[in-house]
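Here the structure comes first, spelled out in structure tokens, and everything after it is commentary.
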Amino acid sequence: MNDTLEKIFGGAPRVKLMRLFLFNPKSAFNSEEISTRAKVDVARMRRELTFLVKVGLAKKRAGPGGRSVWHLNESFPYLYEFQRLLLQTSLITPNTIIKRLSKFGRPKLLILSGLFKEQWDENRLDMLVVTDNAKKGAVESVMSTIEAEIGKEIRYAVLDSEDFKYRLSIGDRLIRDVLDYPHEVALDRLNIF
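The numbering of the sequence shown is our numbering, which starts it at 2 and goes up by one.
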């Protein structure tokens, strides 16, 4: 996480909670969900939630079963500016992502789109990874770590080389939806692009 942002905003846990709310504007979370998704311990999370409610970024209300839930205050005056700032200052660089993806195999292709290109369409992929012999549990672990730092669930697809080449050759909709919109080819060991 960016040290300057942490100092300005009061620490990494606060930045993680801000990202969680700012990048999930239509969602409400209970305390367990917030702690798990942001990977922040419960005591610190409660202090940060109190602060974010006090400054008006988040709101607290009764949720299902009378349990408290928190959600983004969509009338927060600096909403758009904070979203852009926190997205642009993410330390999740393409090289960091590639290094983390290496934990479950040797990535051959990485294409970043969607939220990495400031496209908030819920129907588009954020990340397309091509690697062979990836283990599902390892992939999910790496992705959940990246999601905690970004503050938003990442829509991703992991394909093996042959499947990707076939889909590319027939103009598969999944591949077209990534390539026809703003994207960045962060890694190409297949020498396709």
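From the three backbone atoms N, C-alpha and C, an ideal C-beta is built for every residue, glycine too.
Item: Three or more C-beta pairs below 8 Å linking the region 76-85 and the region 96-111; Value: no
Item: Cutoff 8 Å; reference L188; Cβ partners in own chain excluding five residues on either side; Value: P95, I99, P108, K109, L110, L111
Item: Buried/exposed call for A135, threshold 16 Cβ in 10 Å; Value: buried
Item: Test item: CB-CB of V153 and N31 under 8 Å; Value: Reading off the sequence shown, one finds Lys at residue 153, where the question assumed Val. No, the pair does not count as a contact, with Cβ atoms beyond the cut-off.
Item: 6 Å Cβ shell around F165 - same chain, five flanking residues per side excluded; Value: V131
Item: Residue burial classification, D127 (beta-carbon count within 10 angstroms, cutoff 16); Value: buried
Item: K137 in three-state terms, based on DSSP; Value: helix
Item: Reference S76; option with closest CA among L58, R62, L169, G66; Value: L58
Item: Alpha carbon of M2 to alpha carbon of N74, nearest angstrom; Value: Residue confidence for M2 is low, a pLDDT of 46 falling below 50, so the modelled location carries little weight and cannot support an answer.
Item: Assigned secondary structure, R62 (DSSP; H/G/I helix, E/B strand, else coil); Value: strand
Item: CB-CB length for K17 against A44, believed under 8 Å; Value: With a Cβ gap of about 15 Å, K17 and A44 do not count as contacting.
Item: Selection from V143, R101, I155, P183 that minimises the alpha carbon distance to Q120; Value: P183
Item: L102 versus L113 - alpha carbon distance; Value: 13 Å
Item: Rounded straight-line distance, which links the Cα of A29 to that of P65; Value: 11 Å
Item: Terminal residues of the alpha helix (DSSP H) in which F167 lies; Value: The residue you asked about is not Phe; residue 167 is Tyr in the sequence shown. 162-171 is the extent of the alpha helix (DSSP H) around Y167.
Item: Nearest-angstrom Cβ-Cβ length linking V70 and R62, presumed shorter than 8 Å; Value: 6 Å
Item: Cα-Cα separation between R85 and A139, rounded to whole angstroms; Value: 30 Å
Item: Reduced DSSP secondary structure (H/G/I, E/B, other) of L110; Value: strand
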